[in-house]
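What follows is a single structure, written as structure tokens, with notes after it.
Protein chains in written order, with our numbering: chain A, 3 to 489; chain B, 3 to 489.
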């Protein structure tokens, strides 16, 4: 009889997940992209188009990678070094989800080098994943059951609302950070988030941080990491430290990037109380500018997590062709050393160009030392100190000024008026154009005037074809907003 | 007060999923691999080692692919055709989860060509995934909620128990098929499975078939597909047709491969009653022998499924480097046509070698016309007609005869004595050695004797180095069983 009742029920056609696949697309983070896609800036063919400043891409050092590829054709050609035999058929068959040992060794060394060898990564604790998106989701599957929560300091990357929650059923509870102390994470803020989770009857399984922070562009100070690790130790929960921007941290020590693992190792007893609950996420999308190659990684000293995540990686392995190329590239220590140094130098240069340009027109930024973006305070340009005011200003900046930037509300920032502004996905000249447009806007915001007209006027006559403008000759379908897995 | 209670609870350290990550490793399917890894056959260096016949790899046509790569160096070199400009930086940044249009177009055409253009695939209905494993899981996430069930005809690929259930919470209810009618799917068997699901209070969301079947090696007859589609239409549920072995179907029409989509299109009204509930899974791992490159796809006419699955694909995108290579390869129609024909010819030749060799020693197979394996009946060699008898025989075949084959019980076959035996991952000479070993075993099984001694004696003097033996020079860690995402 029971079965009869079930039989009469018309089964729901799709899963609840598929029915609820908004995937963050309604957020202004994605809406700005949509506008950009309709009318993208090009210095020659569309000089009044929208400049994409909502995309955290690193286009500053491709020439260095291309130079290396020229000198090392075996890496792309799938041959052994020195014009040797083809490894095509070996790679074609290689689907060991532990990854190509040569690649994991090179990646572990590269990660150690980036952290000044203060942390040494063991290749056997690395799980390869098809990008950091996949790495974060896999960790969520490993650490949280449906309805369990992770605490995440605000402002945070908007994609987490999809990546961490959608398929896993995990929840995010924000740790509210404020401009008063430069959005730093404090123990009271952590305790407050923990209490709010408890009130919602959620079991807190851990804290997730991005370090360097997306969207703040700041490497977490050692003291803040100590606070977070102490909290995690006290509560008996996990820490996921997403360090995908590690190689963008351009400040000199001691102000620079410190890995969570370094802080763990520095604890009494070598951090034995927490070391198996601290997990690092990494990727080559930002530091090497290779998001298209989909290379991410989980690093964990917890054998059960490594084991489970390795098995989960069969749902998103890295192409063996790509592993082979990157094993050769990252295995070249002279290259990686000089690449990392030069890449950081260029990031700092571009960062300074943005910060100086903004300062000249009276716009301040959170002081930052990493990332491919700045966290910009435009609250004084809002007509009202509210999120409605932020949205109004944001629309002006997108539609009138022609800059697609990301409003802080999309990053769950509690204070209106902050914006994430990316600088590494364009040429210095395009950044100049953006600054000129913003200057015109700020001037007119006090004196009035037609911003769209100013924007047209602001196009410099000296503009030349941007060498980094990506012209999608390969694209055969019209482009649509929110097509990217970008972070 | 409530929150206090929650606070006192010591949180479980890992998720239930991570704690239950056996991942099928305990099944004999994987145990045989473990033995193989300890003592792998090599015609020169280890002629008495275990021959891997549990691995559905297609190593028969790499020379054709290599020849094409020689003639088209731009595809690996990431240059435009004819020694043109580098597309490296475009690909480095390409993370559009709709995929490289050139690749999707070429893949759609290749899939249409494989089905004799009786079905024409629309690139905009394709979702790219990092392998078929990921495709099947994504479809499960789209179609089933926790506790919903899919019906799967037995015997079925052992990995489904992990791939479809582990992270999604979906259940599998077997559709029991039997040797009496060649393991064909019947309406009574489908109805029986549906009733059993209802008794377990599971909501049935669909049927999943592999066509051609893994492990049977048979392309589903059109009549059976009609039965299945009728069932799906009547119940208002989904059909997932995993067609990753489509290109291995070597029989001439009308006995050959028929896609589920062809049957849908042939229904009254063009199949409008079911067309948005029939979803095809494809991959290049078997037909092209490229499992290492992790290229899978979902094909669906259901816009909501395409939309949700596309967004899910951000958890497992295909490397843009690999998409570029394969866009060029699959875009070469002359090549794909001759490759597919020659590859099928070679598969049939090797298949016939196995079937004939087995017949000579009195072992029968299910008549088959596809796949990289045969479904072999060794029930007469068991000491008891039971699964204990099957396991005992299987251990003898692995440890004494030195052949790693997969027992039917690992595929949920209800009749003991069947084994999946792969033939396309070795040379013809190695297959000869395997047949000689089996002959000695069968002879001794009647006359008694030391099988291990026979195995050593059976190594032919004429053995030469197997050109396809993969020597993992790139491996730096000791190999461990069950490292593969293979299907």
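Glycine is no exception: its CB is placed at the ideal position from the N, C-alpha and C atoms.
Because the structure is a prediction, the values reported are computed rather than measured.
Discussion item. Would you say residue 59(A) lies against chain B (beta-carbon separation less than 7 Å)?
Written reply: Chain B, which has a Cβ nearer than 7 Å to the Cβ of residue 59(A), makes this yes.
Practice prompt. Give the C-beta separation of residue 210(A) and residue 154(A) to the nearest angstrom, bearing in mind that I take them to be a contact with Cβ-Cβ under 8 Å.
Written response: For a cut-off of 8 Å, the C-beta gap from residue 210(A) to residue 154(A) is around 5 Å, short enough to register as a contact.
Worksheet item: Got a sec, what are the start and stop residues for the alpha helix (DSSP H) residue 135(B) sits in?
Response: Boundaries of the alpha helix (DSSP H) harbouring residue 135(B): 134-145, taken from the DSSP string.
Discussion item. Run through the DSSP bridge pairs and tell me what residue 208(B) is partnered with.
Written reply: For residue 208(B), the pairing in a beta bridge is given by DSSP as 152(B), 240(B).
Worksheet item: Just the Cα atoms here: how many angstroms apart are residue 52(A) and residue 166(B)?
Response: Rounded to whole angstroms, residue 52(A) to residue 166(B) spans 44 Å at the Cα level.
Practice prompt. Please report how far the alpha carbon of residue 107(B) lies from the alpha carbon of residue 127(A), in whole angstroms.
Written response: Residue 107(B) and residue 127(A) have their alpha carbons spaced roughly 39 Å apart.
Fill in: Residue burial classification, residue 169(A) (beta-carbon count within 10 angstroms, cutoff 16)
Buried is the call here.
Worksheet item: DSSP three-state call for residue 96(A): helix, strand or coil?
Response: Here residue 96(A) sits in coil by DSSP.
Item to complete: Determine the DSSP secondary structure at residue 101(B), reduced to helix, strand or coil.
Response: In the displayed model, residue 101(B) falls within coil according to three-state DSSP, outside both helix and strand.
Worksheet item: Nearest-angstrom Cα distance between residue 234(B) and residue 243(B)?
Response: For residue 234(B) and residue 243(B), the gap between their C-alpha atoms comes out near 12 Å.
Worksheet entry | Beta-bridge pairing of residue 379(A) - partner residues as DSSP gives them | Note: residue 379(A) sits in a beta bridge opposite 366(A), 420(A).
Worksheet item: Who are the near neighbours of residue 80(B) in its chain, counting only those whose CB is closer than 8 Å to its CB and skipping five residues on each side?
Response: 88, 89, 90, 93, 323, 326.
Worksheet entry | Contacts that residue 17(B) makes with chain A (C-beta to C-beta distance below 7 Å) | 143, 144, 145, 146, 147, listed in chain order.
Practice prompt. Output yes or no for whether 7 Å exceeds the beta carbon distance between residue 374(B) and residue 424(B).
Written response: A contact, by the Cβ cut-off of 7 Å.
Worksheet entry | Residue-chain proximity (residue 135(B), chain A), Cβ-Cβ < 7 Å | Judged by the 7 Å Cβ criterion, residue 135(B) is in contact with chain A.
Worksheet item: If you draw a straight line from the alpha carbon of residue 220(B) to that of residue 96(B), how long is it in whole angstroms?
Response: Cα to Cα, the separation comes out at about 39 Å.
Discussion item. Please confirm whether residue 292(B) has its beta-carbon closer than 7 Å to some beta-carbon of chain A.
Written reply: Answer yes: the Cβ-Cβ gap between residue 292(B) and chain A drops below 7 Å somewhere.
Worksheet item: When the Cβ atoms of the stretch 389-405 of chain B are set against those of the stretch 434-442 of chain B, are three or more pairs found closer than 8 Å?
Response: Yes: the two stretches touch, three or more of their Cβ pairs being nearer than 8 Å.
Worksheet item: How should residue 46(A) be labelled, buried or exposed, when 16 other C-beta atoms within 10 angstroms of its C-beta is the threshold for buried?
Response: Exposed: under 16 other Cβ atoms inside 10 Å.
Worksheet item: residue 318(B) versus chain A: which residues are under 7 Å apart at the beta carbon?
Response: Result: 132, 136, 317, 318.
Worksheet item: In chain B, which residues lie less than 7 Å from residue 296(A) when you measure between Cβ atoms?
Response: Chain-order list of chain B residues neighbouring residue 296(A): 319, 321, by C-beta distance under 7 Å.
Worksheet item: Does the beta carbon of residue 324(A) sit closer than 7 Å to a beta carbon anywhere in chain B?
Response: Taking 7 Å as the CB threshold, residue 324(A) lines the interface with chain B.
Worksheet item: Which value, in whole angstroms, describes the spacing of the CA atoms of residue 193(B) and residue 359(B)?
Response: Cα to Cα, residue 193(B) sits roughly 39 Å from residue 359(B).
Item to complete: Check distances from the C-beta atoms of the stretch 93-106 of chain B to those of chain A and list, in chain order, the residues that come in under 9 Å.
Response: If the cut-off is 9 Å between Cβ atoms, the stretch 93-106 of chain B has 93, 94, 95, 96, 97, 98, 99, 100, 102, 103, 104, 105, 106 near chain A.
Discussion item. Distance cutoff 7 Å, beta carbons only. Does residue 344(B) sit that close to anything in chain A?
Written reply: Not an interface residue.
Practice prompt. Identify which residue in 372(B), 159(B), 180(B) has its Cα closest to the Cα of residue 251(B).
Written response: Of the candidates 372(B), 159(B), 180(B), the one whose C-alpha sits nearest the C-alpha of residue 251(B) is 372(B).
Practice prompt. For the alpha helix (DSSP H) containing residue 290(B), list its first residue and its last residue.
Written response: For residue 290(B), no alpha helix (DSSP H) run applies, since DSSP gives it neither H nor E.
Worksheet item: Is there contact between the stretch 337-348 of chain A and the stretch 307-317 of chain B, where contact requires at least three CB pairs shorter than 8 Å?
Response: Short answer: they don't touch.
Practice prompt. Give a yes or no on whether 7 Å exceeds the smallest Cβ distance from residue 306(A) to chain B.
Written response: Answer yes: the Cβ-Cβ gap between residue 306(A) and chain B drops below 7 Å somewhere.
Worksheet item: Going along chain B, which residues have a C-beta under 7 Å from residue 80(A)?
Response: Residues of chain B whose Cβ lies closer than 7 Å to the Cβ of residue 80(A) are, in chain order, 78.
Practice prompt. May I ask which residues mark the beginning and end of the alpha helix (DSSP H) holding residue 309(A)?
Written response: 305-314 is the span of the alpha helix (DSSP H), which, as asked, contains residue 309(A).
Worksheet item: Which stretch, first to last residue, makes up the beta strand (DSSP E) that contains residue 173(B)?
Response: Run containing residue 173(B): 173-177, per the beta strand (DSSP E) assignment.
Worksheet item: Does the distance from the C-beta atom of residue 303(B) to that of residue 285(B) stay below 7 Å?
Response: Between residue 303(B) and residue 285(B), the C-beta spacing is not below 7 Å.
Worksheet item: Using a Cβ-Cβ distance under 7 Å, would residue 117(B) count as near chain D?
Response: In the structure shown, chain D does not exist; the protein chains are A and B.
Worksheet item: Which stretch, first to last residue, makes up the alpha helix (DSSP H) that contains residue 322(A)?
Response: Residues 322-332.
Worksheet entry | Opening and closing residue of the beta strand (DSSP E) in which residue 374(B) lies | Per DSSP, residue 374(B) belongs to no beta strand (DSSP E) and is neither H nor E.
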